[in-house]
Structure formats: C-alpha cells, structure tokens
Amino acid sequence: MAFPHRPDAPELPDFSMLKRLARDQLIYLLEQQHEVDKLYKVENKPAFSSSEQLCFLVRPRIKNMRYIANLVNADKMAGRTRKYKVIFSPQKFYACEMVLEEEGIYGDVSCDEWAFSLLPLDVDLLSMELPEFFRDYFLEGDQCWINTVAQALHLLSTLYGPFPNCYGIGRCAKMSHELWRKLEEEEDGETKGRRPEIGHVFLLDRDVDFVTALCSQVVYEGLVDDTFRVKCGSVDFGPEVTSSDKSLKVLLNAEDKVFNEIRNEHFSNVFGFLSQKARNLQAQYDRRRGMDIKQMKNFVSQELKGLKQEHRLLSLHIGACESIMKKKTKQDFQELIKTEHALLEGFSIRESTNYIEEHIDRQVSPIESLRLMCLLSITENGLIPKDYRSLKTQYLQSYGPEHLLTFSNLRRAGLLTEQAPGDTLTAVESKVSKLVTDKAAGKITDAFSSLAKRSNFRAISKKLNLIPRVDGEYDLKVPRDMAYVFSGAYVPLSCRIIEQVLERQSWQGLDEVVRLLNCSELAFTDMTKEDKASSESLRLILVVFLGGCTFSEISALRFLGREKGYRFIFLTTAVTNSVRLMEAMSEVKA
Amino acid sequence: MNRTKGDEEEYWNSSKFKAFTFDDEDDELSQLKESKRAVNSLRDFVDDDDDDDDLERVSWSGEPVGSISWSIKETASNSGSNHEREQLKNRNSFSSYAQLPKPASTYSLSSFFRGRTRPGSFQSLSDALSDTSAKSYAPELGRPKGEYRDYSNDWSPSDTVRRLRKGKVCSLERFRSLQDKLQLLEEAVSMHDGNVITAVLIFLKRTLSKEILFRELEVRQVALRHLIHFLKEIGDQKLLLDLFRFLDRTEELALTHYREHLNIQDPEKRKEFLKTCIGLPFSAEDSAHIQDHYTLLERQIIIEANDRHLESAGQTEIFRKHPRKASILNMPLVTTLFYSCFYHYTEAEGTFSSPVNLKKTFKIPEKQYVLTALAARAKLRAWHDVDALFTTKILQEYVNLVEDVDTKLNLATKFKCHDVVIDTCRDLKDRQQLLVYRSKVDKGSAEEEKIDTILNSSQIRWKN
Chain A
1 MAFPHRPDAP
11 ELPDFSMLKR
21 LARDQLIYLL
31 EQQHEVDKLY
41 KVENKPAFSS
51 SEQLCFLVRP
61 RIKNMRYIAN
71 LVNADKMAGR
81 TRKYKVIFSP
91 QKFYACEMVL
101 EEEGIYGDVS
111 CDEWAFSLLP
121 LDVDLLSMEL
131 PEFFRDYFLE
141 GDQCWINTVA
151 QALHLLSTLY
161 GPFPNCYGIG
171 RCAKMSHELW
181 RKLEEEEDGE
191 TKGRRPEIGH
201 VFLLDRDVDF
211 VTALCSQVVY
221 EGLVDDTFRV
231 KCGSVDFGPE
241 VTSSDKSLKV
251 LLNAEDKVFN
261 EIRNEHFSNV
271 FGFLSQKARN
281 LQAQYDRRRG
291 MDIKQMKNFV
301 SQELKGLKQE
311 HRLLSLHIGA
321 CESIMKKKTK
331 QDFQELIKTE
341 HALLEGFSIR
351 ESTNYIEEHI
361 DRQVSPIESL
371 RLMCLLSITE
381 NGLIPKDYRS
391 LKTQYLQSYG
401 PEHLLTFSNL
411 RRAGLLTEQA
421 PGDTLTAVES
431 KVSKLVTDKA
441 AGKITDAFSS
451 LAKRSNFRAI
461 SKKLNLIPRV
471 DGEYDLKVPR
481 DMAYVFSGAY
491 VPLSCRIIEQ
501 VLERQSWQGL
511 DEVVRLLNCS
521 ELAFTDMTKE
531 DKASSESLRL
541 ILVVFLGGCT
551 FSEISALRFL
561 GREKGYRFIF
571 LTTAVTNSVR
581 LMEAMSEVKA
Chain B
591 MNRTKGDEEE
601 YWNSSKFKAF
611 TFDDEDDELS
621 QLKESKRAVN
631 SLRDFVDDDD
641 DDDDLERVSW
651 SGEPVGSISW
661 SIKETASNSG
671 SNHEREQLKN
681 RNSFSSYAQL
691 PKPASTYSLS
701 SFFRGRTRPG
711 SFQSLSDALS
721 DTSAKSYAPE
731 LGRPKGEYRD
741 YSNDWSPSDT
751 VRRLRKGKVC
761 SLERFRSLQD
771 KLQLLEEAVS
781 MHDGNVITAV
791 LIFLKRTLSK
801 EILFRELEVR
811 QVALRHLIHF
821 LKEIGDQKLL
831 LDLFRFLDRT
841 EELALTHYRE
851 HLNIQDPEKR
861 KEFLKTCIGL
871 PFSAEDSAHI
881 QDHYTLLERQ
891 IIIEANDRHL
901 ESAGQTEIFR
911 KHPRKASILN
921 MPLVTTLFYS
931 CFYHYTEAEG
941 TFSSPVNLKK
951 TFKIPEKQYV
961 LTALAARAKL
971 RAWHDVDALF
981 TTKILQEYVN
991 LVEDVDTKLN
1001 LATKFKCHDV
1011 VIDTCRDLKD
1021 RQQLLVYRSK
1031 VDKGSAEEEK
1041 IDTILNSSQI
1051 RWKN
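Below, the structure written as structure tokens:
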C-alpha cells in the first residue's frame, strides 16, 4: 500500500508561503476596520447586527452586490448610518461596481480586493475554490476568471521561479497562458535570474476531457467525494459514519496517516488494508500486557497518543467505508459501473440506453440520470435523434418540464447533443459565416467549435489506447497503469494526454489526437532555454486544470509520478466530480 | 419533490435490485465488520479522557485551513509578520490624500469606477492610487516614475485596456467614434480578460444605439457572449430578448422568455405566463413540451383545489388515512401520476384527476404507467390492484406466446388483452374484426384511439 516515491523524486515546494501571503493581506484589510467581531454568511436576509460598520467578504458576483445594496438601502430608509466595506476576492469586477452605482450606494460603500486565489488544500493540491468557473466559462463563454488564473500562475512563478517548459491544450488554457506571459513581461525582472523549481507546467481545459469527470469514482478519495462531498479539503461525516450521535468535520489530507495510505487506492483494496491496520493496532495495544512498570510508563508517554490518534482515524474511515458500502448497495452500484464501462468501451449501447431509460422512469436521482445521458452522448458523438427525443421526453416527465432549460445548457456546452445528419455546421453558424469577412469567419467557426464540438471519443480512445487490453483479471492491488482508478477499465483521457506530452516534451506525433480533440490551434508548447533548471526541478510538474479536476485524476497522476519518478502538483479552479458538473448545468427553481 | 421517498426506494430496491459487491462481498463485509469490532473493542481502553475533538484539529500544517477563520484567529498571534504588511501600510498612508474633488465630467464611465467623494467614507487602496485628480498632489508621494504618464488623458486603446486590467480607473469617454470604440473592444478581447471586455461593453451599451451595438457584436462572438452573460446576470431581460431577436436566434429567444416562469411563484400567474410561451418559436419538439407544461400545471391547479377541499372536509377516507405531505403543484408529470394513482385510482376517465386521463392526455407510455401505478398501489398495500396490473401484463406476454392465431385471438379477447387483439387483427389485415372489437372497448380509451390510428393508416392493405 501507499507506494513510496522513488528515492530520486523531487521534493514538493513549500506552500505555506501562499497561506502566509493571503493571511497577511486579509489581516491588513481587516485591520483597516476596527474590531471585526463576527463574520456572517452573505445571503439575502436582513443583517441583525448592531455594529456601526459592516464588512462584506465576497466573490465579485452581481447577486452579491444586489444583496449588499438591499441591505444598505434598507439602512438608509431606516435613517441609519453605518460604514460599509466590501472586500472582493480575488478581485473586483467592473460590472459589480456598475451595480453598486445603479443601486445608488456607490460612495456609501468602500471597496477593496483580497487577491487570494490559491488555497493549499494539501501538500500537492492548490485550489482556486472557484466552482463557478466551470459554468461561467464552459457554458456562458465568460472569460472573467482568466485573469485570475494568470495572476495565480504569476504568483507561483514569483515564488517558485520561472517555468521553463509550458504545455497546454484548450482555448482557455491558451488564453490563460498568453495573459500570464503578458503579466510576466509587464512585471519584468521579478523572476529573472531565479532558478526554476517547477520544471514543467501543463494547462488543460476541462472540455478536452469531459468523459473522465463524468465517471463514477472508485478510488477511495474520489468515492468519499462522490458520497459525502468534500468541501475545501474537509468532509462532514454524519452519525452513520461516526457511530455516535454527532457529526464530525474531518480534514482529509496527507496529515491523516490512515487516509494518506488509502486515498489513492481502489476501493476494493481499502477493506483489506483497514482490517490489517486494525489487527496491527490491536497487537500494539496488546503489547502492554506483560509490561513492567517502566515499560508501561514509556508506552503511555511515548506511544499511546499516537496509537489513540490512529485508532480514531481508523474507526472513522472504517465507518466511512461501511456507509459507502450501504449506499452503493442500495443504488445497485455494480450494475451502474457495468453500464459505464460498456459506454466507455462502446458495446451494448442499446442495453445501456435502456438502463438509462429505466433510471429515468423510476425517478432515480435526476443528476445521476443526466450524467449517464451525457456519458452516452460524449462517448457516442451524440445521441441518435430518436433516443435523444425519447430520453428527453421521459426526463422532463420524470423530473419536471423546466429541465428543458437544462437540456439547452447541456447542448450548448457540448455535453449532451443529438447526432446531426451530415453537416456539422449549425444553421446559425452558416448564417453568421455568410455575414462576415473571411478573416472573421475563421474566428467565428473557432468560437463555435470551442463551445459545442464533436467529441470523437471512440477514435481518441483507440489512438491513445485508453481501454487497456487485459488478459485475465486486472489486479487492482498491484496496478499496472493509470486505468486502475477506474477498475482497470479506462485510462483517464486527461492524464493520458499529460503523460504523452511529458514523454515527448512536446505535442509531436500527437497531431491526430489533437485534431480529434478539436484543438488543432489550441495545443501549444512554450519552452525557454533555461540552463539553470536542475534535473530535480525538471521532474516536478505543475498541472493546471481549468474547469476543475477530480480526485480520480489526481490519484492517477500520483500513480504516474511514482512510476516515472515525477512529482505532480495540482492547481485546479476547484475540485470537481460528475455531480458538480451536472449541477452546474442544471437550471433549477430560483 | 419526486416520489423517491424512503418507502418507494425500499420497495424497488428490495424487489428488483441485487446487492452490490465490488468483488467478494461476503468476505469483504465480514472482514470489515470484524475490523470494526476490533477497533471498537479498543475503545474502552482509549476513550478514557481528553480530546474527543482531536480529529478536527489535525491538518497538514497543524491548523484548520480553508476557512477565513484561520486568518482572523491568527491576527493576535501573528505579530512579527512582516515586511509585506509594512509595505502595504506605507503605501496606504497616502490614501488620506485621496479624498479629492470629483472631476468636472459627471457623465463619464470613469465615474463608475472611481473612488467616492463622500467625506469620511473609506477610500480603497486602488482608488487612492489611481484617482485622476490626484495628479497635482501625488508626485511628492514617491510614485514610481513609470506611472506618471498614466495621468494623461489620451491613452491608446492598449494603454487603456492595460489600465483596466490592473483595476485602475480610466475614462473611456474619449473613445467617441465608432471606430475608436471597436478598436477598444478588440483590444480588450485580444487580452482575454473577461472583466475588461465586460467593462468596455458596459461603456458601449451606454454610448451606442442598440442596433449598432448588436450589429457590431454579431461579428464579434467572444464579446457577444460576454454581453449575453452580462445581461443575464443583471437581469436585463428586455435587452436580452431584443438581442436574440436581432440575431435571429429564435430558440434562445423562446427559452429565455420561458425561463422567466421560474421566478413566478403564484400558480395562477405562472400558468398564465406559460400560456404566453406556447406560441413562441421553440423547436417542434420543445413546443410540445411547453404545451404539456402548461396543461400539467392547469390540471394540477384543479386537482390541488379539489383535493385540498376534500382533505379539509375530512369526509374522504383516503385523505384521512394518508394526509397529503405536500401540494401537487409544480411537481413533475410522473409524480403527478403517482399522486393520482394513490388518491384517485378508481376515478372515471372523465375526471381530470384520474390516472387514465393523465395517461391519455400526456401520452404516457404503457411501461411508465404500469411502473408508476404499481409503485403507488403497492405503497397503499392495495394488493388487488397490484395483482390486476401484474396479471394484465403477464397474461399479455403469455397470450402473445400462443402460436395458433385463432386461439391467441380468443384468449386475448377473453382476458381483455387489448393490445394483443389489436395487434393480431392488424397483422391479419382483418379490418372487419377490428371494427367489431372497437365497439367492445371503452369509448375514448387509449385502445380505441389505437384502433382508430390503425384503421386510418394508409400503410396497411386490408384484406376486407
């Protein structure tokens, strides 16, 4: 278990600096106020505070501005004067200021920015905690967060030295990289002369690989996320897990020794590990029998604390496993996984379609049904029109007609489409193309293809060998490749691309794959001749996921790192999973 | 909201679904249980004293992360830190200089973005740094040389966009010709920063007629998407609809209008609103869904009024025994069907609340109907109904297996397996017999409809 890193694997950079920076800046901002005593969640309710001043720490969203405006205007009506301060994190948007002005409270509130965009969730994981990135960019095409990404990269290169090798794929990756370069130029000199600590940076758009994010997760950490929803690196274990009457908030990261050993494991190995661990623990406790006083004293003063800690962690994770088992049994997980694998491999499409239909008819969770439909659509390059219509109709009947809007969103994002006979250009596209000059027409077709494009999954899968051929059983205890994170059935596309590019240190020989991914203009390499990069730093790789990454992908790349002697660090706009992706696309009641 | 309450789930799971295993279930589970026992048995020894909440405090740095609280909590302990803060403080010291008179133009975009003038209000750092009127006061504060030229009034589009990107104030008023405006927009788009693109669009929206704005955006898709998203976010429905109309994006126009219904709480008003959606240019397929949505809510309103009355009157057994847990308004069709099978199973087809009526009105497939009816009747433990539902289904399957056509027809007629009779007549191309059978089925039933469809079909060459 918990395969050790190769001895020559590079050390991870120290992220505590990031925390210090963010903390100091926030403290500075809050110190301008006096006596911040309590923090309230921003929601559309009157504030029951008698303070003379209110300070709002918010994401720059128009919704939040309206809330603040309501509050300030209510105070005004009541003839009450207070001081208001809005701290935008990570930055202020002009549209927000416009709303403040329109609502007549510009000047009544003062604004500041807290440039906090990198939250270290773990020793190798940085999150921007921007779950809205996915919908804003991949559905609405709003590029407001690209500057945030560029700023984050800039901060990292300021702290950890220049990035000698950058690769990327996807429109957002390309734009973020360009804007980041611009920032580096503008603030020339800051990183000059520094030795690079991070040898490679890889930027990847979520829409390059929707498939992986749509699959059910079966490595422990991913499964915990799918089952209990990990939030900001911690999880609320309810009474069914803690076997007591209270819930417990638990941080899940490398500090938790038990968790650290099972987080990347296929779920089927976790039981064995935990029971072995329990036996060992029992043995260590048993040693106290037959100890003399002195030994006992040593035991109590030196070992007991650690054992107790381990004991607590162990019982928690056993509880979590039990709870996961119970839930998965109830939803017939085995059958579900079988269907997913069939979709990935492209056989029994009819049966899978029927399975999805039955899900819908029985009103099994709406998100689950939607996810399976998307998986079917992407792996099959769209649903055949007859199936599309019938599944959509049944979906609307089972879960509510307003999901018409959800279907429209999914189609726009390219997640759930109908196979078009023949022509790939939509009516709108051809109409627009006719209207404009040649130069612009190219741009427009590009712009369209970025939002809704053919997935070509089957061809890509063949090219990249995503479905491993297995003779006999795939031994999940001794994984042979990254496919283990999906029970040996599928190598995550995103991770395979990263592996291939790192191997070649370029996109050479991947032209066909890039073309199939609709990224011919959007795959790039940016190398600076940097002699100072040590061989150690060249094995430290920063992977940037734009639109979110899953724990399964993280596990797969950790595995790859151990195999090849790399260390990966992850920067993601947010940790995501299939449920979050679907929820981001759902149009629910206001 | 759906009927997936515990009971139903239990029913389906217990009846149909097999247990899940990853591998070797019994072994794993018992192994797990064993481990759990082992661990629990240690509890007495361990749980004697302190720190129950130990776990909460464990983190990779030994402090809770991820919340603002850690930052604030540490204000006190964090004394010697540091340089960076000192710097910030120093820089802030000239914010006190910055409460300055407003420039003459009150109608500039810059006023959107500039610091406020109310005396005593807080002045932010960036405002302080960039207030244009700080020009005459600022130099002695030791501003970096490079920034001096920023205080001129005629920045190029690229300078302007750069300043906007940095969050600095800058007037867009000098971009008055269409060409200048578009150049500014293109510069913003080329920098990829959505915040700046939107800022320029806000300016363009204010200073261009909407026809010109729309026309120019039609060939600038990136900017167009930003405007659409911006209009959605600020809720400018009217301009959004105008835009879609201009672009001839009829489906989006219709969907955007339809979306509004989510904000209408009152069922009557919502119904009336949905009615206005019916004629909108949806795809043919969606038009039918919209029509269904309207009809469904219309039905639900009638059923709800009726049932609420029945329930409060307290005369109806089913409502007394099984009080309603929620209103049926705005529930999905399948949930409504379930409800109707639960409370109105035996009602004649003529009433709006009868399951058969729902089935017919919304063309619910037989399979879905049986599935839902079964769930509802089973929940009520109305086993006779369950039996009947099963019998028809199963009999139908068996009768279909009979090879001899005459025997099959006789059996099917006897057991009222309508579908089998109808399908067999069709296959025999026996128009007369089908006409006879038509007189035997209920008026207005799904069966009658099916027969009529077949009789009217031009595809079949009848033998009589």
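For the protein sequence lines, the chains are A and B, in the order given. Reminder that position 254 of the first sequence reads as 254 in the working numbering, one-by-one numbering, no gaps. Each number in the working numbering corresponds to the 1-based position in the second sequence with 590 added. Using N, Cα and C, we set each Cβ at its ideal position, and we do this for glycine too. In this text, all values refer to a predicted model and were calculated from it rather than measured experimentally.
- Under the three-state reduction of DSSP, K1053(B) is assigned to coil, being neither helix nor strand.
- Taking a C-beta distance under 8 angstroms as the contact criterion, K771(B) and L794(B) qualify as a contact pair.
- For V211(A), the closest Cβ of chain B is not nearer than 8 angstroms.
- Residue pairing of D205(A) in beta bridges, as defined by DSSP: L546(A).
- Counting along the chain, no beta strand (DSSP E) covers N465(A), and no H or E run does either.
- Excluding residues up to 5 positions away in sequence, I787, R810, V812, A813 lie with their Cβ nearer than 8 angstroms to the Cβ of V779(B) in the same chain.
- Rounded to whole angstroms, the gap between the alpha carbons of Q25(A) and R194(A) is 25 angstroms.
- Assignment of E303(A) by DSSP, reduced to helix, strand and coil, places it in the helix class.
- As summarised for the stretch 44 to 116 of chain A, the continuous alpha helix (DSSP H) elements at least 4 residues long and confined to that stretch are 62 to 77, 94 to 102, given in chain order.
- Taking all protein chains in view, the Cβ of L404(A) is crowded by 16 or more other Cβ atoms within 10 Å, so the residue is classified as buried.
- Of the residues assessed, W145(A) falls on the buried side of the cut-off, its CB having 16 or more other CB atoms within 10 angstroms.
- A residue is called buried when at least 16 other Cβ atoms come within 10 angstroms of its Cβ; K308(A) meets this threshold and is buried.
- Contact with chain A is absent for N947(B), since none of that chain's Cβ atoms lies less than 8 angstroms from the residue's Cβ.
- With respect to the C-alpha of L493(A), the residue from V478(A), L304(A), P468(A), R82(A) having the closest C-alpha is P468(A).
- Rounded to the nearest whole angstrom, the CA to CA distance from F259(A) to L313(A) is 8 angstroms.
- For P922(B), the chain A residues whose Cβ falls inside 7 angstroms of its Cβ are Q397, S398, Y399, G400, in order along the chain.
- The beta carbon of D1009(B) sits closer than 7 angstroms to the beta carbons of Q986 from its chain, once the five residues preceding and following it are set aside; these are given in chain order.
- In this structure, the beta-carbon distance from S127(A) to A152(A) does not fall below 8 angstroms.
- Nearest C-alpha to N253(A) among I554(A), G141(A), E583(A): I554(A).
- Think of a sphere of 9 angstroms around the beta carbon of L344(A): no beta carbon from chain B falls inside it, the nearest being about 18 angstroms out.
- Per DSSP, K822(B) is one residue of the alpha helix (DSSP H) stretching across 811 to 824.
- Comparing alpha-carbon positions, the option among T962(B), F952(B), K1019(B) lying closest to A1036(B) turns out to be F952(B).
- With the rule of 3 Cβ pairs closer than 8 angstroms, the stretch 197 to 208 of chain A counts as touching the stretch 159 to 175 of chain A.
- The shortest CA-to-CA distance from E875(B) to any of F407(A), K330(A), L546(A), K182(A) is the one to F407(A).
- Look at R967(B): its C-beta is not under 8 angstroms from any C-beta on chain A.
- If you check each beta-carbon in the stretch 59 to 79 of chain A against every beta-carbon of chain B, the ones closer than 7 angstroms belong to I62.
- The beta carbon of R835(B) is closer than 8 angstroms to those of L843 in its chain, skipping five residues each way along the sequence.
- Rounded to the nearest whole angstrom, the CA to CA distance from V230(A) to L121(A) is 11 angstroms.
- Per DSSP, the unbroken alpha helix (DSSP H) holding A874(B) starts and ends at 874 to 903.
- Interface with chain B (8 angstroms Cβ-Cβ cutoff): V478(A) is excluded.
- In the same chain as G904(B), and ignoring 5 residues on each side of it, the C-beta atoms closer than 7 angstroms to its own belong to R910, in chain order.
- At least 8 angstroms separates the CB of L1045(B) from every CB of chain A.
- Taking the beta carbon of I146(A) as reference, the chain B residues within 8 angstroms of it are H782, D783, G784, listed in sequence order.
- Beta-bridge pairing by DSSP links K231(A) to S234(A).
- Cβ-Cβ distances below 6 angstroms link W1052(B) to K1019, R1021 in the same chain, with the five nearest sequence neighbours on each side left out; the list follows chain order.
- Around the Cβ of E473(A), a 10 Å sphere holds fewer than 16 other Cβ atoms; the residue is exposed.
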